[in-house]
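Below is one structure, written out as structure tokens, with a few remarks after it.
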Amino acid sequence: MRRLICAGNWKMYKTAHEAADFVKIFLPLAAAVPFATEIVLCPPFTALAAVSHLLTTGRVRLGAQDMHWERSGAFTGEISGPMLRDLGVHYVIVGHSERREYFGDTDAIVRLKTAAALENGLTPIVAVGETLPVRDAGNTSEHVIAQTRAALEGLSAMQLARIVLAYEPVWAIGTGRNCDPAEANKVMSEIRSCVPGLDDVPILYGGSVKAENIAAYTAQSEIDGGLVGGASLDPAVFAQLCIAASASVSS
Ligand code: PGA
3 MRRLICAGNW
13 KMYKTAHEAA
23 DFVKIFLPLA
33 AAVPFATEIV
43 LCPPFTALAA
53 VSHLLTTGRV
63 RLGAQDMHWE
73 RSGAFTGEIS
83 GPMLRDLGVH
93 YVIVGHSERR
103 EYFGDTDAIV
113 RLKTAAALEN
123 GLTPIVAVGE
133 TLPVRDAGNT
143 SEHVIAQTRA
153 ALEGLSAMQL
163 ARIVLAYEPV
173 WAIGTGRNCD
183 PAEANKVMSE
193 IRSCVPGLDD
203 VPILYGGSVK
213 AENIAAYTAQ
223 SEIDGGLVGG
233 ASLDPAVFAQ
243 LCIAASASVS
253 S
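Under the working numbering, read the sequence shown as residues 3 to 253, first letter to last.
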């Protein structure tokens with residue numbers, strides 16, 4: 003059985019102090035989330051150490067939002083896999099649409115980052131998704147399948163078994179306009195079957211996920227949780243979301 007994951011992507015929000023304040027409030031609330039649901043927080047790089055120090059029980063896992071593919075080198079401003087591992091980071095988001103759109107992360111770069119994450123003992127959360135023009139042109143499946151195949155190219159069966167995927171329609175991110183759950187499920191089933199060996203890989207839905215709508219997603223056969231932006235910034239709201247996601251699966 004695939005695991006259920008609720009991952010909070012904080013993007014460029016929260017200083018280290020604000021992040022620590024969140025965690026102190028969130029941890030007691032997270033005790034009410036069924037244990038089978040994995041909870042992940044992905045703060046900005048500058049808050050990773052502060053959050054890591056507070057996540058001593060392992061109930062909530064730490065993720066980063068991006069990484070460089072080289073282990074070290076003259077890459078001003080970049081952060082490598084070993085640096086993340088050293089801080090207790092477990093997951094790393096790669097290929098988020100904001101990285102693709104604003105920072106030039108091509109399919110080739112996403113592939114390098116995915117492989118580097120695995121080589122450094124990190125679990126990549128590989129994000130794919132179509133823009134509105136691509137969707138309106140009826141090319142959603144073709145687009146996300148191409149992104150998925152490109153990101154996973156060259157990985158061994160053992161490496162594929164360790165990844166997590168996220169389907170995030172770009173037009174649904176931060177817009178309040180979420181994708182119909184059945185439609186997301188259909189796209190995710192196409193993603194799951196486009197590369198052999200993804201049967202047991204969790205696929206998360208992302209794009210305007212809230213405590214009020216997460217259960218409709220996790221009730222779908224192919225959806226194994228959420229990659230959550232805005233609704234992960236408040237500890238009570240995110241805890242509520244994690245509980246709602248879990249209720250749907252166990253009912
Ligand atoms: P959102 O962001 O939940 O604010 O739409 C999701 C994401 O970008 O991962």
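In this text, a Cβ means the ideal position worked out from N, Cα and C, and glycines have one as well. Remember, predicted model here, so these are calculated numbers, not experimental data.
Beta-carbon gap between residue i and residue j smaller than 7 Å
i    : j    : result
G199 : L229 : no
P183 : Q222 : yes
L206 : W173 : no
D62  : C244 : Per the sequence shown, residue 62 should be read as Val rather than Asp. No, the Cβ-Cβ distance between V62 and C244 is not below 7 Å.
E132 : T142 : yes
T150 : I193 : yes
K212 : A233 : yes
Q161 : L120 : yes
Buried or exposed (CB count within 10 angstroms, at least 16 for buried), residue i
i    : result
K26  : exposed
P237 : buried
H70  : buried
Y104 : exposed
P126 : buried
R73  : exposed
D226 : buried
R113 : buried
F37  : exposed
G65  : buried
T39  : buried
S248 : buried
T220 : buried
S158 : exposed
R179 : exposed
E214 : exposed
I7   : buried
A153 : buried
A118 : buried
Distance between residue j and residue i (C-alpha atoms, nearest Å)
i    : j    : result
S253 : F240 : Low confidence applies to S253: its pLDDT is 43, below 50, so where it sits in the model is not reliable enough to give any reading.
L167 : V203 : 7 Å
A9   : A76  : 31 Å
L43  : G106 : 24 Å
R4   : R164 : 12 Å
T58  : F28  : 13 Å
H19  : A52  : 8 Å
E155 : M85  : 25 Å
D68  : F47  : 9 Å
G83  : I95  : 12 Å
G97  : L31  : 30 Å
L56  : A22  : 7 Å
K16  : I41  : 18 Å
Residue i beta carbon near the ligand PGA (any heavy atom closer than 6 Å)
i    : result
L235 : no
V230 : yes
V211 : yes
G178 : no
G208 : yes
I147 : no
N11  : yes
I175 : yes
Strand pairing of residue i, partner residues [DSSP]
i    : result
V53  : For V53, which the question treats as bridged, DSSP gives no partner whatsoever.
P126 : V94
Y207 : Y169 and G228
V42  : A9 and R63
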